[in-house]
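Using full-length UniProt numbering, read the sequence shown as starting at 1 and increasing by one per residue.
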Amino acid sequence: MLITGSFSIIQLQKLYEDSMEIILQKMPLQNATTEIKLTATTAHLWFEEIMTAKEETKALTAVWQLLDKSLWYADAIIKGGTREQDTFYPIHDKAIEGQIGTIKQDIEKFIDLAHLRFNNQVTAQENQAQALDDQFDHIFGRLIDNANQVQILLKTKIANDIRQLDEHVNTLKLILIVVNLLGIAIVIWISYSFIREIRYQVGGEPADIAHFAEQIAAGHFDFHFDTSKMTTGIWAAVQKMVKNLQVMSSKQEKQNWLQLGQTQLSNQMSGEQTTLQLAENILQFLTPYLDAQVGAFYLLQPLTEKKDYLKMIASYAYTWRNNSNYEFQIGEGIIGQVALERKVFVTHKVPANYLLIQSGLGESIPHALLVVPILYENSLKGVIELASFSAFTETHLELIKLTLPAIAIAINTGQSRTQTQELLEQSQLQAEELRSQQEELQQTNEQLQAQTEQLQVQQEELCQLNEQLEERGQELERERLAIQEKNVELEQVNLVIEAKVEELELTSQYKSEFLANISHELRTPLNSLLILSQVLTSNKEGNLTAEQLKYAQTIYSASSDLLNLINDILDLSKVEAGKMEIHLEPVALTQLITVLEDRFSLVAQEKGLKLVIQLADDLPPSLYTDEQRLIQILTNLLGNAFKFTAKGQVTLAIHRPAQATHLSKKNLDSFNSIAIDIIDTGIGIPTDKQQLIFEAFQQADGTTSRQYGGTGLGLSISRRLVHLLGGEIDLQSEAGKGSIFTVYLPEQLPTPSTLIESEPPPVITSPSFPTTPVVVAKPPQPVEDDRDNLQTGDKFLLIIEDDLTFAYLLMKTAHEKAFKCLVATEGQSGLQLAKKYQPQAIILDIGLPKIDGWSIMEQLKADSHTRPIPVHFISGADSEQMAKQRGAIGYCLKPVSMEGLYKVFNNIDHFITKTVKELLILSDDPNHQQALMEIVKSSDIRVTLAMTGREAYPMLQGYEFDCVVLDVSVEQDQGIHWLKQLYSELHLHQIPVIIYAERDLTTVEESILKTYLDKLIIKEVNSPEKLLDEVTLFLHQTESRLSQSQQQLLHQIHEQQNRLIGKQVLLVDDDMRNVFALAADLEKEGIETLVAHDGHSAIQQLQAKPDIAMVLMDMMMPEIDGYNAIRQIRAQPQFRQLPIIALIAKAMKADRTKCLEAGANDYLAKPINTHNLFSLLRVWLH
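The following block contains the structure:
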């Protein structure tokens, strides 16, 4: 038995060694051959991609490393070696060694040809390159064939070894059977204890040992051992051997799986594919290969206004949803964060509501999520996202790591191929156009040749005419000299006329400024006079006599007359200066008649006259004109008719003009116009005075003004207003027989006849004149306000007004309305009171000493503590639109009546007690609606959404909104065109409208916006933070009601705005129009603007004022252009770091390069986009 056991052990040991030789020595050689094929195939694919996409040759370094790896594996098969965790033993087979030698030669030849091909890529002719490519492909094919032959030989050798192993096992089984049969007799007399001992030493039955040996020989290593019984002897050795084999087999399967995945993915990505096709093929392979169920491919998009962002371009088994986000900024969400960090993200804790994987039978949530970045030469190309029911293993991640470089190369190659194809198509198109142009030129040349022949004939004829013309030319020369002398005289006359025109313009400017200033100065005391006289007339305390009441009424009447005179003078000044605004709208004739009848019926009754109204039947229902100006014209004419008529009647008749009527106005005839007659039976006007009365401050004669009163401005203003409305006015009258004034107006005025200056005129310094000393009255004592009596819960406001009398009246009226008051008589103390006491509202005047009302408003809105306080203006300056644009809740023009004051306080009370503000968002994209609502949502705002202007129309009619946000992308009502409906049909002039435009406005949209800038309260924004800033401004929101993110956005934008305040910027441009426009924009942002008109003066200003923070340099200037000016500035050491932005007329690449080479930091193309300008200023001034 000892001999039998020893023999069995020896045979099993040999069987084990033979099996290990197959596993450890021969099978790795098979893997080495596979590595040679894989590396050679990958290198060949890379060569093809580099040749077709014209990739930079630095990418070849990785290819040489792959080919060196192939040579190493070939040497390892012959000589053996160790690489990473794999060990290779020499093959000792002449046939295989011969084949491996051939493979090595092919690889070396492969390398030599590659070097030759890529060294000749620039200089070689096309046929030479093709020959190299053909030889290259031939050697590659031969290398693969030899490698396949080696694999076949290795498989044959391994199969022979396994067959010999099977034979050895069978022999061992036979020997064991014979030995056991012979030992039966011996075993009979061996005691049971010896049998147990032997079986214990052996560890099991020999048949089981043979069975396991057969399984091992067949390559099956999945055994289950009973460790409680098989712990000693042969079985212990077998267990150890099987465990080692299982570990090695598992490693080998893993390597095979990884290599197979790389090879199959390379095949999927090979060939000419677009980026979209590549993305789809990559997902179609990777998703099932990694046992995932859903996949998505996000590609980095080119640079846009949104900056870099990732967009989903392909997916695998993904269910598209309306509320999903398919675009991500860098750093946004998991996709954006992976792109930012450039690290693989894996999680096995996916939330329940994150994603549903659906099929026809059901749906379920994934348990694992894998997100990987695609990097090419450390440059982000995209992101792949995979979701799976099962966890992603280390093997899965290792495959991703191995394949990502190849995926990045393929994506980059695809993008390069697409760009190359686009350039090729563009060049082909240009070549076709050039060919067409050449054909046209050839035809033109033929025509020119024919014409040349004709010209030669004509030239001979002209030679004859030249002789005649020379004689005529001498006569013309004499005439020319005479004309030249006359031209010199005309030029001198023109210079005199131009000087007179400039003098008249200057005089007109002085007059306009004088009228504006005197209007404000007169309105302020008139305001107090009117209100005080009105208070006295009401006699609430009952302590005035009848005579005192009559005095008060006289004061009120005289003040009202003076106010009307001021208004007439200002209207005349506006018309003469071309600044009178016309607001067109449908005017119903019946409503017009009703207004005039209500206004003059009482006047007729008081004077004992009859008011007759006549309305023809053939009239249109309405006129399209300016209702306010039309009523003003007719009121002036009717007022004059009643004034100069002592008995009889005054008739207002509206009819069509007679066909024979001659109208001098162009585009005005009897068919498209109406006539309005004002007929009276009064004193009449002599014929020689009928033109005189239409001049300013003129009446029929001097006695008229003394007898009837008036200034003679009414008819002058009326005639100018009629002309402004596209019509004309006619007069028929005889002294003592009354007058007929006829106003002819078009039914529809096609365009607004208005001249509105887009910018305020430059300030003109008036010459100083000797002045008469003025006796100044002693100023009244300061108003005692309620600051010492304020208690928690009190309703109080701040009054900033330098007229102490009016401030006192405002405070008294506020007390009547249950308000307590703080009073400041100048701006600085008003700002201090606002910051200290935080009043619930502010009443503000504009014409204040030291700091005007506009500066106070800007400082209030720039401070986050005072920004939410509502501000109501009361001023003598007519600047309502400007105030509303800056966030004022109301505007009242001095002088104001008591009813007007009550209305002011009612408006303030209504505003501060309204706890929830109403906001309307008009956008036809649900995603945009939700995005805009997310930006502005707050606990004190109720948001209403509308898809179209038609849907918003009834909402605005029936509901009181505090603000409207209009998305310019609205297409159904043409977006910004809806402003016309808001103004013309709804007449909602007081609702602030915020235009939200992420794109640049078109030329048409810009034109519409400019049309309504002075008619509606409009702000244009182009970013979420600016939208939030303007909404909080118009709705007067406090920061405490905003979310943390909204507060951060506001702080960020205010910090950016404040960054520019106080900076000095030098603007260098010889065109004063550009200088004026740009300087106005810069100064609005608090930037101090210095101006130079050429390069010389720019350098002088820089040397004189070293605090200049930036230069805006026009490139096209006389004497020294912008390029040379920048070079001279940079030549001085102290200005080498000074930011300079070039202003160029065209954004051609050559111009941009030239600016930067001259020393500019950046450039802007004209016309200047102010948003881009301020963005650059913030960047370079930071």
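Cβ atoms here follow ideal geometry from the backbone N, Cα and C, with glycine treated the same way.
Going by DSSP in three states, residue i sits in which element: helix, strand or coil?
{"i": "Gln-649", "result": "strand"}
{"i": "Lys-155", "result": "helix"}
{"i": "Gln-840", "result": "coil"}
{"i": "Asp-106", "result": "helix"}
{"i": "Phe-697", "result": "Summary for Phe-697: the model assigns pLDDT 46, below 50, so the residue's position carries little reliability; its value from the coordinates is reported in the next sentence. Looking at Phe-697 - three-state DSSP - the assignment turns out to be coil, as it is neither helix nor strand."}
{"i": "Leu-1164", "result": "strand"}
{"i": "Thr-944", "result": "strand"}
{"i": "Leu-798", "result": "strand"}
{"i": "Pro-1024", "result": "helix"}
{"i": "Ala-292", "result": "coil"}
{"i": "Phe-1034", "result": "helix"}
{"i": "Lys-737", "result": "coil"}
{"i": "Met-1113", "result": "strand"}
{"i": "Lys-850", "result": "coil"}
{"i": "Thr-347", "result": "strand"}
{"i": "Glu-1142", "result": "A small correction: the amino acid at residue 1142 is Ala; Glu does not occupy that position in the sequence shown. Correct three-state label for Ala-1142: strand."}
Just to confirm the assignment, what range does the alpha helix (DSSP H) spanning residue i have?
{"i": "Arg-629", "result": "627-643"}
{"i": "Val-63", "result": "60-79"}
{"i": "Tyr-309", "result": "That residue, Tyr-309, is in no alpha helix (DSSP H); its beta strand (DSSP E) goes 309-316."}
{"i": "Gln-591", "result": "589-607"}
{"i": "His-1171", "result": "1170-1181"}
{"i": "Asp-909", "result": "898-913"}
{"i": "Gly-336", "result": "333-341"}
{"i": "Pro-373", "result": "It is not in any alpha helix (DSSP H) - Pro-373 instead sits in the beta strand (DSSP E) that spans 368-376."}
Take residue i and list the residues in its own chain whose beta-carbon comes closer than 6 Å to its own, dropping the five residues that flank it on each side.
{"i": "Lys-778", "result": "Residue confidence for Lys-778 is low, a pLDDT of 41 falling below 50, so the modelled location carries little weight; the figure read from the coordinates is stated next. Nothing listed; no residue qualifies."}
{"i": "Ser-864", "result": "Glu-1039"}
{"i": "His-1093", "result": "Asp-1070"}
{"i": "Ser-733", "result": "Gly-684, Ile-685, Ser-739"}
{"i": "Ala-279", "result": "Phe-297, Ile-313, Ala-314"}
Residue j and residue i - do their beta-carbons sit closer together than 8 Å?
{"i": "Ile-800", "j": "Leu-848", "result": "yes"}
{"i": "Ser-673", "j": "Gln-659", "result": "no"}
{"i": "Ile-1141", "j": "Leu-1176", "result": "yes"}
{"i": "Leu-67", "j": "Ala-43", "result": "yes"}
{"i": "Ile-921", "j": "Leu-945", "result": "yes"}
{"i": "Gly-684", "j": "Gly-736", "result": "yes"}
{"i": "Ala-1131", "j": "Lys-1063", "result": "no"}
{"i": "Lys-381", "j": "Ala-406", "result": "no"}
{"i": "Lys-980", "j": "Ile-995", "result": "no"}
{"i": "Leu-1066", "j": "Ala-1098", "result": "yes"}
{"i": "Ala-552", "j": "Thr-537", "result": "yes"}
Which whole-angstrom value describes the C-beta separation of residue i and residue j, a residue pair presumed to lie in contact below a C-beta threshold of 8 Å?
{"i": "Ile-593", "j": "Leu-615", "result": "6 Å"}
{"i": "Ile-400", "j": "Val-372", "result": "6 Å"}
{"i": "Val-871", "j": "Ala-888", "result": "5 Å"}
{"i": "Phe-118", "j": "Phe-140", "result": "Incorrect: roughly 15 Å between the Cβ atoms, too far for contact."}
{"i": "Leu-481", "j": "Arg-629", "result": "Not really, about 55 Å apart at Cβ, beyond 8 Å."}
Between residue i and the rest of its own chain, which residues show a CB-CB distance below 8 Å, the 5 nearest in sequence each way excluded?
{"i": "Pro-762", "result": "Residue placement at Pro-762 cannot be trusted, given a pLDDT of 33 that sits under 50; what the coordinates show is reported in the next sentence. Closer than 8 Å at Cβ, skipping near neighbours: Phe-1076."}
{"i": "Pro-1118", "result": "Asp-1070, Asp-1094"}
Since residue i is in the beta strand (DSSP E), which residue starts that stretch and which ends it?
{"i": "Gly-382", "result": "379-388"}
{"i": "Glu-918", "result": "917-922"}
The ligand ADP heavy atoms versus the CB of residue i: any closer than 7 Å?
{"i": "Phe-1135", "result": "This structure lacks the ligand ADP, and indeed carries no ligand of any kind."}
Output needed for residue i: all residues of its chain with C-beta closer than 7 Å, excluding positions within five of it in sequence on either side, in chain order.
{"i": "Val-783", "result": "Leu-804, Ala-807, Tyr-808, Met-811, Val-823"}
{"i": "Asp-1081", "result": "Thr-1170"}
{"i": "Leu-637", "result": "Ile-678, Ser-718, Phe-741"}
{"i": "Ile-613", "result": "Ile-593, Glu-597, Leu-652"}
{"i": "His-928", "result": "Asp-967, Ser-969"}
{"i": "Lys-937", "result": "Val-943"}
{"i": "Leu-276", "result": "Ile-313, Ala-314"}
Measuring only between beta-carbons, confirm whether residue i sits less than 8 Å from chain B.
{"i": "Leu-1060", "result": "Judged by its chain identifiers, the structure shown contains no chain B, having just a single protein chain."}
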